[in-house]
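In the numbering used here, the protein residues as written are 12 to 162.
And the structure:
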């Protein structure tokens with residue numbers, strides 16, 4: 012069994028109103044894989060957690076698009092001052108988040124990781140990352156990718 016499938020099942024149960032069952036599956040993931048994967052998050056069916064998602068923490072106000080890959084030790088926090096405000100993190104399609112990265116919006120604000128962007132290992136992201144960009148380092152230096160040519 013892989014943590015992605017357990018997480019997606021808990022999300023489906025939560026949407027059907029089976030909150031207790033969803034919480035039990037969240038606890039199974041927490042014990043088996045040291046994760047905090049909330050059933051309240053909105054997650055595409057093809058999310059990939061590298062290394063069984065060990066140490067991944069996702070806030071419930073997070074939306075994750077198609078083809079997203081998340082390495083181990085990633086934290087996606089919420090910048091909203093209180094739960095249910097609707098401000099969270101949006102991870103658009105095709106994003107890759109490296110090991111140990113922290114996605115932490117400023118308090119009271121949301122944050123978007125643009126389509127196809129890459130967040131490097133141990134990067135600390137506190138503002139939007141444009142589509143196709145690369146965010147690296149502790150201050151999340153954001154750089155546009157340059158296309159490679161094969162010679």
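Just so it is clear, CB atoms sit at the ideal spot from N, CA and C, and this is done for glycine as well. It should be emphasised that the depicted structure is a prediction, and the values quoted were computed from it without experimental measurement.
According to DSSP, residues forming a beta bridge with residue i
{"i": "residue 74", "result": "53, 101"}
{"i": "residue 47", "result": "68"}
{"i": "residue 60", "result": "81"}
{"i": "residue 108", "result": "81, 130"}
{"i": "residue 115", "result": "DSSP output for residue 115 lists no bridge partner at all."}
{"i": "residue 86", "result": "68, 113"}
{"i": "residue 124", "result": "102, 140"}
Option nearest residue i by Cα separation, candidates the options
{"i": "residue 123", "options": "133, 111, 105", "result": "105"}
{"i": "residue 131", "options": "142, 144, 109", "result": "109"}
{"i": "residue 32", "options": "111, 49, 56, 113", "result": "49"}
{"i": "residue 86", "options": "73, 30, 18", "result": "73"}
{"i": "residue 43", "options": "53, 54, 64", "result": "64"}
{"i": "residue 55", "options": "23, 29, 45", "result": "23"}
{"i": "residue 39", "options": "21, 27, 51, 28", "result": "21"}
{"i": "residue 59", "options": "107, 84, 28", "result": "107"}
{"i": "residue 46", "options": "53, 29, 17", "result": "17"}
{"i": "residue 14", "options": "133, 27, 37, 143", "result": "37"}
Proximity of residue i and residue j at Cβ, strictly below 8 Å
{"i": "residue 75", "j": "residue 61", "result": "no"}
{"i": "residue 149", "j": "residue 135", "result": "yes"}
{"i": "residue 103", "j": "residue 125", "result": "yes"}
{"i": "residue 147", "j": "residue 128", "result": "no"}
{"i": "residue 57", "j": "residue 77", "result": "yes"}
{"i": "residue 112", "j": "residue 99", "result": "no"}
{"i": "residue 51", "j": "residue 25", "result": "yes"}
For residue i, three-class secondary structure by DSSP
{"i": "residue 32", "result": "helix"}
{"i": "residue 143", "result": "coil"}
{"i": "residue 17", "result": "helix"}
Report yes or no: do three or more beta-carbon pairs, one from the segment 51-70 and one from the segment 116-123, lie closer than 8 Å?
-> Counting C-beta pairs with one atom in each stretch, the segment 51-70 and the segment 116-123 have fewer than three that are closer than 8 Å, which means they do not touch.
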